[in-house]
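Letter by letter, the sequence shown follows residues 293 to 477 in my numbering.
Don't be surprised by glycine CBs; every beta carbon is placed ideally from N, CA and C.
Source: prediction; values computed, not measured.
Structure, as structure tokens:
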Amino acid sequence: MKNSIARDGVYAASQSGTGTAEADDALNYLDVCIASQQLTLYKYGNPVKIYPVSTAKKGAGEQMGSECTPTGWHKIRAKIGAGQFLNSVFVGRRATGEIYSAELGRQNPQRDWILTRILWLSGLEPGKNRYGKVDTAWRYIYIHGCPDDLMNGNPESHGCIRMKNADVLDLFNRIEVGVKVYIHE
């Protein structure tokens with residue numbers, strides 16, 4: 293699987309091949325622990341970086357419309373937002389041209405802010421988090437930036453894995469499309 297870049301800074305996996313050497317290597321992956329609200333980046337089997345995250349307010353679960361964070365093995369399906377500014381606002385996986393600020397947040401309190409970068413997840417376990425009413429990709433579950441003031445150590449998302457903007461940018465630059473992600477309670 294080769295990484296290809298499409299319009300709007302979207303990196304996506306091609307359909308052929310088995311993946312990059314790094315993505316295929318079982319020793320390089322992301323571990324998301326819902327209980328501790330942490331994402332750990334592993335390289336060559338060793339933890340190299342731990343990031344605070346915010347998972348779903350409604351807990352773990354895979355059902356479409358549940359607003360829960362899905363568990364099990366996933367992969368990074370696409371990397372979205374390359375070249376965008378820190379705090380860039382995304383809607384429907386497209387940059388809007390807005391830059392998030394506290395004032396913009398006050399003007400739009402109902403918005404679920406997706407900022408800076410998006411790592412779109414795809415489930416790898418048929419019947420658990422892939423296909424049908426449990427498909428992580430079609431639930432549009434991402435690892436993404438959010439307003440930094442929302443990162444308070446508590447689960448507050450609608451299913452996605454939220455990160456501080458500088459952290460999601462750092463993670464985006466360290467990994468490739470196809471990297472495995474294990475999400476667990």
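Cβ separation of residue i and residue j, assumed to be a contact under 8 angstroms, to the nearest whole Å
i, j, result
"threonine 408", "serine 380", "6 angstroms"
"alanine 327", "glutamate 477", "6 angstroms"
"valine 460", "isoleucine 368", "Their Cβ separation, rounded to whole angstroms, is 12 angstroms, which puts valine 460 and isoleucine 368 out of contact at 8 angstroms."
"cysteine 438", "arginine 454", "4 angstroms"
"isoleucine 359", "glycine 451", "Going by the sequence as given, residue 359 is glutamate instead of isoleucine. That belief holds up - the Cβ atoms of glutamate 359 and glycine 451 are roughly 5 angstroms apart, short of 8 angstroms."
"lysine 425", "glutamine 376", "Actually they are not in contact, since the Cβ atoms of lysine 425 and glutamine 376 sit about 32 angstroms apart, beyond 8 angstroms."
"glutamate 417", "glycine 364", "5 angstroms"
Cutoff 6 angstroms; reference residue i; Cβ partners in own chain excluding five residues on either side
i, result
"leucine 319", "Tyr336 and Gly337"
"aspartate 462", "none"
"threonine 388", "Val381"
"aspartate 323", "Thr332 and Tyr474"
Element boundaries [alpha helix (DSSP H), containing residue i]
i, result
"aspartate 462", "457 to 466"
Residue range of the unbroken beta strand (DSSP E) whose run includes residue i
i, result
"glutamine 330", "330 to 335"
"leucine 396", "Not the beta strand (DSSP E): leucine 396 falls in the alpha helix (DSSP H), residues 394 to 399."
"glycine 351", "Looking at the DSSP string, glycine 351 is not in any beta strand (DSSP E), and its letter there is neither H nor E."
"threonine 388", "386 to 391"
"leucine 411", "406 to 415"
"valine 383", "380 to 383"
"tyrosine 321", "321 to 325"
"histidine 436", "434 to 437"
"lysine 341", "338 to 344"
Candidates the options, of which the one nearest residue i by Cα
i, options, result
"serine 449", "Tyr434, Asp462 and Val340", "Tyr434"
"asparagine 444", "Asp427, Thr428, Gln329 and Asn465", "Gln329"
"aspartate 404", "Gly384, Leu413 and Ala429", "Gly384"
"lysine 349", "Tyr432, Thr361 and Val340", "Thr361"
"aspartate 441", "Trp430, Tyr432, Asp427 and Asn457", "Asn457"
"glutamate 468", "Asn446, Leu413, Glu417 and Pro418", "Leu413"
"asparagine 446", "Pro339, Ile342 and Gly351", "Gly351"
"proline 344", "His436, Asn465 and Arg466", "His436"
"arginine 431", "Ile342, Gly357, Gly353 and Cys325", "Gly357"
Paired residues, beta bridge with residue i - DSSP
i, result
"tryptophan 365", "Tyr474"
"serine 449", "Ala348"
"phenylalanine 454", "Note that residue 454 corresponds to arginine in the displayed sequence, not to phenylalanine. Looking at the DSSP assignment, arginine 454 forms a beta bridge with Ser346 and His436."
"arginine 431", "In DSSP, arginine 431 forms no bridge with anything."
"arginine 403", "DSSP lists no partner for arginine 403."
7 angstroms Cβ shell around residue i - same chain, five flanking residues per side excluded
i, result
"leucine 396", "Glu390"
"tyrosine 392", "Asn379, Val381, Trp405, Leu407 and Pro439"
Near the ligand NAP: residue i beta-carbon under 7 angstroms from a heavy atom
i, result
"phenylalanine 464", "Here there are no bound small molecules, and the ligand NAP is not part of this structure."
Close-in-space but distant-in-sequence residues of the same chain around residue i (CB under 8 angstroms, 5 per side omitted)
i, result
"tyrosine 334", "Leu319, Asn320, Tyr321, Leu322, Asp323 and Val340"
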